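Numbering (this note's numbering), first residue to last: 621 to 785.
This is the structure in structure tokens:
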């Protein structure tokens, strides 16, 4: 997770289900995820083609990739060095798990084995504590890290030089 926290978050299955059954909670998770999905697409385009052809690349290629594939591609991309900002990809993976749960959790209660897996994933459970504050803080950090990442040498080298007049 992006923020440092050593405490283990415990939420009961009932608390989790009650929180996730609220429309405003689901709506926030899904809309925040959609925004990050779009931002990740722009980041990918800047890495591979630079700003001048970014829009076309996003429309023709990136928009047809699921979020998980975008993450895999950015994790496997070649970078000049290991940037601290790349840690954001692990947060995005956890947030994706939470989004999938929110998107597919309707009137049913989460299964015991699924909930146990969630409880073992401290990152996902942490996003649900003190909702929406923890999630908002982590999203702000993620957006900041993605912005810093796209300003690294790996992304800047693909940008065309500005012509002086």
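In this text, a Cβ means the ideal position worked out from N, Cα and C, and glycines have one as well. Quick caveat: nothing in here was measured; it's all calculated off a predicted structure.
- The DSSP-derived three-state label of residue 684 is helix.
- In the structure shown, residue 641 falls within a coil segment according to DSSP collapsed to helix, strand and coil.
- One thing to note: residue 690 has its Cβ within 8 Å of the Cβ of residue 661.
- For the pair residue 709 and residue 695, the CB atoms are nearer than the 8 Å cut-off.
- DSSP, reduced to helix, strand and coil, places residue 697 outside both helices and strands of the structure shown, so it counts as coil.
- Comparing alpha carbon positions, the residue from 715, 641, 675, 738 closest to residue 631 is 738.
- Every alpha helix (DSSP H) stretch that sits fully inside the region 699–764 and reaches 4 residues is listed by chain position as 708–724, 732–740, 742–748.
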